[in-house]
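J.:
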Amino acid sequence: MLNQLIEWDQQALVYLNTHLSAAWADLAMITISGTFIWIPFYAVLLYFLIKKFRYDTIWIVGCVAITIALCDQLASGVTKPLTERLRPCHEPSVLPLLRMVTDCGGTYGFFSSHASNTFGLACFMWLIFGKVKPWGWLFAWAAIVSYSRIYLGKHYPLDILVGALCGVLIAYLMATLCQVLMKRYPIKSNSIG
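Under the numbering used here, think of the first position of the sequence shown as 2, with each following residue one higher.
(1) How many angstroms separate the CA atom of Phe42 from the CA atom of Phe112?
(2) For Ile188, which residues from the same chain have a beta carbon less than 6 Å from its beta carbon, with the 5 sequence-adjacent residues on both sides left out?
(3) Given this structure, state the Cα-to-Cα distance separating Gln110 from Val163, to the nearest angstrom.
(4) Measure from the alpha carbon of Thr68 to the alpha carbon of each residue in Glu85, Val169 and Arg185, then state which is nearest.
(5) When the Cα of Ser22 is compared with those of Met2, Ala172, Arg185 and Leu153, which residue comes out closest?
(6) Run the CB neighbour count on Phe88, radius 10 Å, all protein chains shown included, and call it buried at 16 or more, exposed below.
(7) Any contact between the segment 97-110 and the segment 123-143? By contact I mean 3 or more CB pairs, one from each, below 8 Å.
(8) What are the boundary residues of the alpha helix (DSSP H) that includes Val163?
(9) Give the DSSP-derived three-state secondary structure of Leu153 in the structure shown.
(10) In the DSSP assignment, find the alpha helix (DSSP H) that holds Ser114 and state where it starts and stops.
(11) Here's a check: name, in chain order, each residue in its chain whose Cβ is nearer than 6 Å to the Cβ of His156, leaving out the five neighbours to either side.
(12) In angstroms with no decimal places, state the Cα-to-Cα distance between Arg185 and Ser117.
(13) Within a Cβ cutoff of 8 Å, which residues of the same chain sit near Leu6, ignoring the five residues on either side of it in sequence?
(14) Counting along the chain, where does the alpha helix (DSSP H) carrying Val79 start and finish?
(15) With burial defined as no fewer than 16 other Cβ atoms inside 10 Å of the residue's Cβ, what is the status of Leu139: buried or exposed?
(16) In chain order, which continuous runs of the alpha helix (DSSP H) of length 4 or greater are located wholly inside the segment 58-109?
(17) Counting along the chain, where does the alpha helix (DSSP H) carrying Met30 start and finish?
(18) Quick check on the burial criterion: 16 or more other C-beta atoms within 10 angstroms. Buried or exposed for Phe37?
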């Protein structure tokens, strides 16, 4: 059963990486997969947090930092070394079938830190902002970033799926904790400085 799942995962990756890719999209996918390109996006999120939550934004930023740290460390610090599943671009039987447009990155890929971090942030913000429709687009952003990892041959689809699920679970727990902290210990302007 596990071997069949791995085979389907490899077939899905090869299809997505080769049939749903084009030279004109390569640079966009490399950019989307990057970190620093998203700094203005994070600044806009921070603006809306401050606008809605004022000083309690301190709780939110702290909880987001913990969420991202947990997502990242669970993926990169715990699961990847334990499972030792090679990234597709390091797998000798898969690499010749892929369309590679950039370097491969780290050795192991299960599960995706990008998927875990982006879905963790998307879910956290969606829960904190009250599940209002305008914030649902964050999940589309997380999905695009995650897909870029498949496009670039750095992750299998299951790496992405498991990363997304872990990110959502951690975000749910941390957003719940954050809401309790904001309710129990609200930060007022006179309590700062």
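Backbone N, C-alpha and C define an ideal beta-carbon position, used for all residues, glycine too.
T.: Taking the geometry as given:
(1) Stepping through the sequence shown from its first residue, residue 42 is reached at position 41. Stepping through the sequence shown from its first residue, residue 112 is reached at position 111. Rounded to the nearest angstrom, the two C-alpha atoms are 24 Å apart.
(2) The residue you call residue 188 lines up with position 187 of the sequence shown. Within the same chain, Ile188 has close Cβ partners Tyr56, Asp57 and Ile59.
(3) Residue numbering aside, residue 110 sits at position 109 when the sequence shown is read from its first letter. Residue numbering aside, residue 163 sits at position 162 when the sequence shown is read from its first letter. Position check: residue 110 holds Gly in this sequence, whereas Gln was assumed. Here the alpha carbons of Val163 and Gly110 stand approximately 11 Å from one another.
(4) Stepping through the sequence shown from its first residue, residue 68 is reached at position 67. That would be Val169, whose Cα lies nearest to the Cα of Thr68.
(5) Here residue 22 is taken as the residue at index 21 of the sequence shown, counted from 1. When each option's Cα is compared against that of Ser22, the closest is Leu153.
(6) Within the sequence shown, numbered from 1, the residue matching residue 88 stands at position 87. In the sequence on display, residue 88 carries Arg and not Phe. Classification for Arg88: buried.
(7) no
(8) Sequence index remark: in the sequence shown, residue 163 carries index 162 (1-based). DSSP places Val163 inside the alpha helix (DSSP H), whose first and last residues are Pro158 to Arg185.
(9) Here residue 153 is taken as the residue at index 152 of the sequence shown, counted from 1. Secondary structure at Leu153: coil, using DSSP grouped into helix, strand and coil.
(10) What you label residue 114 is simply residue 113 of the sequence shown in a count that begins at 1. Residues Ser114 to Ile129.
(11) For the purposes of this step, residue 156 is identified with residue 155 of the sequence shown, where counting begins at 1. Here the set comprises Gly110, Ser113 and Arg150.
(12) Here the question's residue 185 lines up with position 184 in the sequence shown. Here the question's residue 117 lines up with position 116 in the sequence shown. Distance between the alpha carbons of Arg185 and Ser117: 29 Å.
(13) Position 5 of the sequence shown, counted from the start, is the residue given in the question as residue 6. Same-chain partners within the cutoff: Leu159.
(14) As a working note, residue 79 is residue 78 in the sequence shown. Taken as a continuous stretch (DSSP letters only), Val79 belongs to no alpha helix (DSSP H), as it is neither H nor E.
(15) Here residue 139 refers to the residue found at position 138 of the sequence shown. Burial is judged here by how many other beta carbons sit within 10 angstroms of a residue's own beta carbon; Leu139 has at least 16 and is buried.
(16) Listed in chain order, the complete alpha helix (DSSP H) runs (minimum 4 residues) inside the segment 58-109 are 58-73 and 81-84.
(17) Mapped onto the sequence shown, residue 30 falls at position 29. Counting along the chain, the alpha helix (DSSP H) containing Met30 begins and ends at Ala24 to Ser34.
(18) Mapped onto the sequence shown, residue 37 falls at position 36. That one is exposed.
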